[in-house]
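Right, one structure below, let's go through it.
Protein chains: 4
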Amino acid sequence: MQRQSDRPPITVGILGATGTVGQRFITLLSVHPWFAIHVLGASSRSAGKPYATAVNWKQITPMPSAVKDMVVEDCKPEAFKECGVIFSGLDADVAGDIEGAFRAAELAVFSNAKNYRRDPHVPLIVPLVNLEHLSIISQQQALHSPPLKKGFIVTNANCSTTAHVIPLSALERKFGPIDRLMVTTMQAISGAGYPGVPSLDIIDNVVPYISGEEEKIEWETRKILGGTADVEPEQLVGEKVLQEFDMHAHTPLKISASCNRVPVTVGHMINVSVKFSRSPPPSPQQVCEALRAYRPSAQVHGCPSAPVQAITVHDEPDRPQPRMDRAHQDGAGVSVGRVRQCPVLDIKFVVLADNVSIGAATSSIINAEYAVLKGVVR
Amino acid sequence: MQRQSDRPPITVGILGATGTVGQRFITLLSVHPWFAIHVLGASSRSAGKPYATAVNWKQITPMPSAVKDMVVEDCKPEAFKECGVIFSGLDADVAGDIEGAFRAAELAVFSNAKNYRRDPHVPLIVPLVNLEHLSIISQQQALHSPPLKKGFIVTNANCSTTAHVIPLSALERKFGPIDRLMVTTMQAISGAGYPGVPSLDIIDNVVPYISGEEEKIEWETRKILGGTADVEPEQLVGEKVLQEFDMHAHTPLKISASCNRVPVTVGHMINVSVKFSRSPPPSPQQVCEALRAYRPSAQVHGCPSAPVQAITVHDEPDRPQPRMDRAHQDGAGVSVGRVRQCPVLDIKFVVLADNVSIGAATSSIINAEYAVLKGVVR
Amino acid sequence: MQRQSDRPPITVGILGATGTVGQRFITLLSVHPWFAIHVLGASSRSAGKPYATAVNWKQITPMPSAVKDMVVEDCKPEAFKECGVIFSGLDADVAGDIEGAFRAAELAVFSNAKNYRRDPHVPLIVPLVNLEHLSIISQQQALHSPPLKKGFIVTNANCSTTAHVIPLSALERKFGPIDRLMVTTMQAISGAGYPGVPSLDIIDNVVPYISGEEEKIEWETRKILGGTADVEPEQLVGEKVLQEFDMHAHTPLKISASCNRVPVTVGHMINVSVKFSRSPPPSPQQVCEALRAYRPSAQVHGCPSAPVQAITVHDEPDRPQPRMDRAHQDGAGVSVGRVRQCPVLDIKFVVLADNVSIGAATSSIINAEYAVLKGVVR
Amino acid sequence: MQRQSDRPPITVGILGATGTVGQRFITLLSVHPWFAIHVLGASSRSAGKPYATAVNWKQITPMPSAVKDMVVEDCKPEAFKECGVIFSGLDADVAGDIEGAFRAAELAVFSNAKNYRRDPHVPLIVPLVNLEHLSIISQQQALHSPPLKKGFIVTNANCSTTAHVIPLSALERKFGPIDRLMVTTMQAISGAGYPGVPSLDIIDNVVPYISGEEEKIEWETRKILGGTADVEPEQLVGEKVLQEFDMHAHTPLKISASCNRVPVTVGHMINVSVKFSRSPPPSPQQVCEALRAYRPSAQVHGCPSAPVQAITVHDEPDRPQPRMDRAHQDGAGVSVGRVRQCPVLDIKFVVLADNVSIGAATSSIINAEYAVLKGVVR
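Just so you know, the sequences run in chain order D, G, Z and F.
Take the first sequence: its position 247, counting from 1, is numbered 951 in this note's numbering, and each next residue is one higher.
Take the second sequence: its position 132, counting from 1, is numbered 836 in this note's numbering, and each next residue is one higher.
Take the third sequence: its position 34, counting from 1, is numbered 738 in this note's numbering, and each next residue is one higher.
Take the fourth sequence: its position 78, counting from 1, is numbered 782 in this note's numbering, and each next residue is one higher.
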């Protein structure tokens, strides 16, 4: 991607800039066509130091030279007030307060943290799925005390949720609602951040448990795949009717998630099995076609970080695989393989997603790109 | 285990003695209280050489000194005619003919190979589950041409099937038939033998496919968990009614298996979800109790290689794990953890089994022990 | 090993009992023929809790049932005053003060920590090498203020130092002093304790640096392989002449160590190259014979935890290997292979040592066994 | 790199195109500015099939679309006669005959195989070191029977040799000849090709032996770092004096190599220690400066695949590392770190090289680029 010269860049700030997700934001944004890194925020331990000194750089590409000498700021809104967009890679233990303060200061926050994902007025957006949920922002602003003009928070999903909702969205658009869903994950260690998983726990091993992860998948999937609906009885917010996320209420969606950590650096592999509401269900062939044809709004509207192919479907029986396929399209799409009938539900397949790209930083960035295109970010 | 002196040892031969399973047989049998290694058989490439020269020893315990100088024989019945028991770790491409010839030569063959698993007169036995299937042997002998007096073949199951049928057997005995079953495996590289999986395919990777494995799990599980029934219309074999395996016919069992290879040396991890026929289903607490209380025939009748505890149930949320738990009881039992409700089926849990012990050689050995106890081996 | 009944067990206390080394002490001592675990000490965070609750058990064998309900004590001498032996697996940041206090309280401390290794009156003992350095203890006690009757500290070496000094000791005894030594280590992650090395730092990776390790190897090797000598000019300690460690002064030993961390769970592999003082140097064949014949004092005097074979020499060109050979003799000996001429120095070979057994807890235990045999522990 | 339009592309053929090195050639050459893939050769098993069918693609970037439908040819010169350059990734068991036949057919062969590396008339070239050895080609052609006009063979070095000779070359140019050299390698599994190292041999393990590798390093290093000299007594080849490789004869170079395989996918790590002829030796600081300033002919003359920085010197104490640094400059340069004094020799440091790029295919390509620039390829 080349920086485009026909409009001034949008200045961005990065919260949690020294962390794993923050480093990924810097890597991606340093070559972004629209956004220019303006401020880096981190804990008071890092504040005041040049970024190169404050960070323990863990990306496999070198640190962009433009940020090396930037002095890290405390995560307080004052230093970020000229930023058109704030990206947050903050840890959950501090993200709630800081992101809230940034929103109150009329800043547009795109967050990877989990703190606001369940807020009824905050959209939880996987950018290849439900960008239309951005519409809830006006309500979020109107209900804020005091009401906001420009500030808001948008969250993106857990890295494992992101992987399977993309193909599921493609299937629901084509074949109608899914009724039941079983997902078994094999998640990469990078999903736990740094230092994250101790090596003694994972080399030559599988850990069949990730704290809170199964519940997140079961809950987030419903918010993302569901729509929005008028609250009953109707309540007005200004002149609009108050909206709520319907949590896939039109078809109660039963979800069972089982999460495992495996010795893979990057790339979440997920075994998915689904039962459709409609009968008969689509054939594996029809499912493959629908996945390949899926063209989400981020592509249609030209978000520069959206992948050319949202879902790459493999015909080889043993693909996708994390090491072989995670880097495809810089990790901005997902890969699907082994689409076949499920003897218990209807259809089963595997999904691979780059948990640090589409599963984290890339999602926030595409969300922000779409918000710019739609004028939500001004 | 100490060799017992109150009866003469039963001499055993090992087919495929230089292979991975053969090496495991040697390791286990060299300290067995009943069995004494008498002949080692391998391919003509190895025949005539001292075992220590012929083998590429890959066990993590040293080669037992008693076998080092044994001269490897061709896999022909003549050299094995004094063996009371034959253990076969042969590869599938040669096991069919060789095991058939050994049976025809009135030898008792306990095989890890897949070739005879689907034979309607050959029992497929997981020793902590369905030892009673040994009863089909008299029919196997009577129908052989010419009829056999002592020769027969007993097979044990695929290493991944073995893992989950043990807890499922415990559950069916306590709570009645299972109706639906979803299993997602994360299988160790040792399951593929040696050289097996190339390291470039599996380090920092997951391969979501193992050729033929899912079909084996779906088929074998039904044969193992099912019973035997009179063939209709009745046909006599001698004075007995011809029996057939009913393949869990009393409750058609829907099974969906998804198999993955992970970078683990030993220990298959399986995520299992089941739906019971009965309603309401048992609670997780009741399931845990049933698993802990499970006491299969191999224990009741005193097979020396049977584990003290068939199923070890973990209370910690993140156990069992391959590296931590596979060596428990020398891998002769299985470990279960994370027993909890499944939002789509009824109950889900994880199982860990040592694929080279209870998943392979240990199974054959317990099967043979039970056959000795029951007088099937004479 | 069976507990021997002909004398009362020696009660032992374990400091740092919840840590990695502490867990190993418990595992080994729970089946020790002489020692009986009496008190477990850990940080104030754990004190007062049953051991099973306080610990995050990371051994691959189950927690011995005898310690599960033992209430963890603070690391203060009062609770340990009846212990004949104290084993310390404390971290270096607290070991200095605590071990000093225990010594002052007349307790016999065998420590894995590095704090006292360079103390001129504290022996640094690799039990298959320099048990005779225990003789310095009387001087340590006499110089203490106030002088001690029973209290002392004995340290054992860094896990990587331990590996190579064992074969080097065998070579020096047979062929005279070594003049130059190059060691390149490939060290297991367990050497860094738990949580230790983050998995993101080591999967599919090598880290060519371990803080402080190269200096430790270069310094400790001289203290261990060197002897003791009268201080000049003579000073008396009581009626004895003050002794000092001569640091291999008779032949100034040049040592160059390069340390690397590799993705191996247990077992340090070391590439060693040596130049002897004598010329011509011994041949590879002579070196192999000397290594195989090596019989250190711990064996001669019957320390129960000493290995039967101190140094196992492999003839196969590709052995030893960590996964295949680390468990040999429960990790109490070392394995050597690839003994051959070095075109730059004289002889080169590889050494494998189990860094958590002979490299840590087993060393302390043999040191204590020898101290019991010699009457140093009373 | 963009294909340049100001001259017609040079057509190239690739021998062993389905193998690991062949795939890497295809990946690199499909975007090369000068070379255009014209013919793909492989064994008769693959010949006649479309490349996409014949190959088991193992690169982490997708197969270039241009080669998918190319029909694979037998490795016979006829099909390659229009190729200006032949790249060979053939296995050693067939490379000798095939490459010889291609040379005899007046083709210019750049080979990764070891077969001709020791031929006294074939240059063994690491392109960031000794491109001037190409001068021996005219002699190779003149001595061939019959003499050749265009055909020749150029080899590049073993992947582990390549890594350390680059910094050593920089040091010799600046500080004069090296006298002694100790190298200890930790080599990636990809160095063994595919299927290569069985996963059971390397997960959680180190193998301290690679067949033939140590001897290769010790021999190849001398040929590469040495010069060429007139044969004594002088013999004429045409009008020139016969040349021979002097094998570093001006300073007999003692080399001791120890080779280990580690569980790393790509990237050989090497611990190097050197003694210079000159005294006093350069300081670590001077060594770092010389390495950073090194500018080999491939850069000076503008080979398009040469790295911008031949040797990247790291200041961080724990770098380079394979996973973090191997992809730098697409693996065309090498990384050096931990430059420090060696207590036994003079200076020690670590080197990291991408064994499939500069250690294999990239070397051949730069060699060919330079041959084009020098008019050796016509």
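All residues carry an ideal CB built from backbone N, CA and C; glycine is no exception.
Looking only at DSSP bridge pairs, what is residue i linked to?
i	result
residue 963 of chain Z	Z/889
residue 908 of chain D	None, per the DSSP bridge assignment.
residue 789 of chain Z	Z/716
residue 774 of chain Z	Residue 774 of chain Z pairs with nothing; no bridge assigned.
residue 780 of chain D	Answer is none; residue 780 of chain D lacks a bridge partner.
residue 948 of chain D	D/933
residue 1028 of chain G	DSSP lists no partner for residue 1028 of chain G.
residue 813 of chain D	D/790 and D/857
residue 1045 of chain F	F/1051
State yes or no: is the C-beta of residue i nearer than 7 Å to some heavy atom of the ligand ATP?
i	result
residue 1040 of chain Z	What this structure holds is no ligand at all, so the ligand ATP is not there to describe.
Mind pulling the chain F residues with CB within less than 8 Å of residue i?
i	result
residue 1027 of chain D	764 and 969
residue 1032 of chain D	766
What residues from chain D crowd round residue i, counting only those whose CB sits closer than 9 Å?
i	result
residue 908 of chain F	907 and 908
residue 893 of chain Z	902, 903, 904 and 907
For residue i, go through chain G and note every residue whose CB falls closer than 7 Å to its CB, in chain order.
i	result
residue 898 of chain F	902 and 904
residue 996 of chain D	Ordered by position in chain G, no residue passes the 7 Å Cβ test against residue 996 of chain D, which lies about 19 Å from the chain.
Would you mind giving the Cβ-Cβ distance between residue i and residue j, rounded to the nearest angstrom? I have them listed as a contact below 8 Å.
i	j	result
residue 971 of chain G	residue 1056 of chain G	6 Å
residue 1080 of chain Z	residue 841 of chain Z	6 Å
residue 915 of chain G	residue 975 of chain D	17 Å between Cβ atoms; not a contact.
residue 725 of chain F	residue 793 of chain F	3 Å
residue 998 of chain Z	residue 1014 of chain Z	5 Å
residue 925 of chain F	residue 858 of chain F	Rounded, the Cβ-Cβ distance is 18 Å, inconsistent with contact.
residue 786 of chain D	residue 742 of chain D	7 Å
residue 903 of chain D	residue 900 of chain Z	7 Å
residue 1074 of chain Z	residue 1021 of chain F	Between residue 1021 of chain F and residue 1074 of chain Z the Cβ distance is about 38 Å, and since that is not below 8 Å, they are no contact.
residue 922 of chain D	residue 1047 of chain G	7 Å
residue 1016 of chain G	residue 1039 of chain G	5 Å
Note down, in chain order, every chain Z residue with its Cβ under 8 Å from the Cβ of residue i.
i	result
residue 1047 of chain F	922, 958, 959 and 960
residue 884 of chain F	1048
Name the chain G residues that come within less than 9 Å of residue i, Cβ to Cβ?
i	result
residue 1041 of chain D	912 and 913
Quick one: which chain D residues come within Cβ less than 7 Å of residue i?
i	result
residue 1021 of chain G	913
Give the interface partners of residue i over in chain Z, defined as CB-CB distance under 7 Å, in chain order.
i	result
residue 927 of chain F	Within 7 Å Cβ-Cβ: nothing; residue 927 of chain F doesn't reach chain Z, min ~16 Å.
residue 1054 of chain F	912
So which residues of chain G does residue i contact, with C-beta pairs closer than 8 Å?
i	result
residue 888 of chain D	888, 962 and 975
Please list the residues of the stretch 952-978 of chain D that have a C-beta atom closer than 7 Å to any C-beta atom in chain G, keeping them in chain order. 958, 959, 960, 962, 964, 966, 967, 968, 969, 973, 975 and 977
Three or more C-beta pairs below 8 Å linking the stretch 819-826 of chain F and the stretch 732-750 of chain F: no
Report yes or no: do the stretch 973-984 of chain Z and the stretch 876-892 of chain Z share at least 3 C-beta pairs separated by less than 8 Å? yes
Do the stretch 991-1010 of chain Z and the stretch 913-931 of chain Z make contact, defined as three or more Cβ pairs closer than 8 Å? no
Could you run through the stretch 928-948 of chain D and flag, in chain order, every residue whose CB is less than 7 Å away from some CB of chain G? none
May I ask you to verify whether the stretch 840-854 of chain G touches the stretch 804-824 of chain G, counting CB pairs closer than 8 Å and requiring at least 3? yes
Does the count of Cβ pairs from the stretch 757-777 of chain G and the stretch 1019-1033 of chain Z closer than 8 Å reach three? yes
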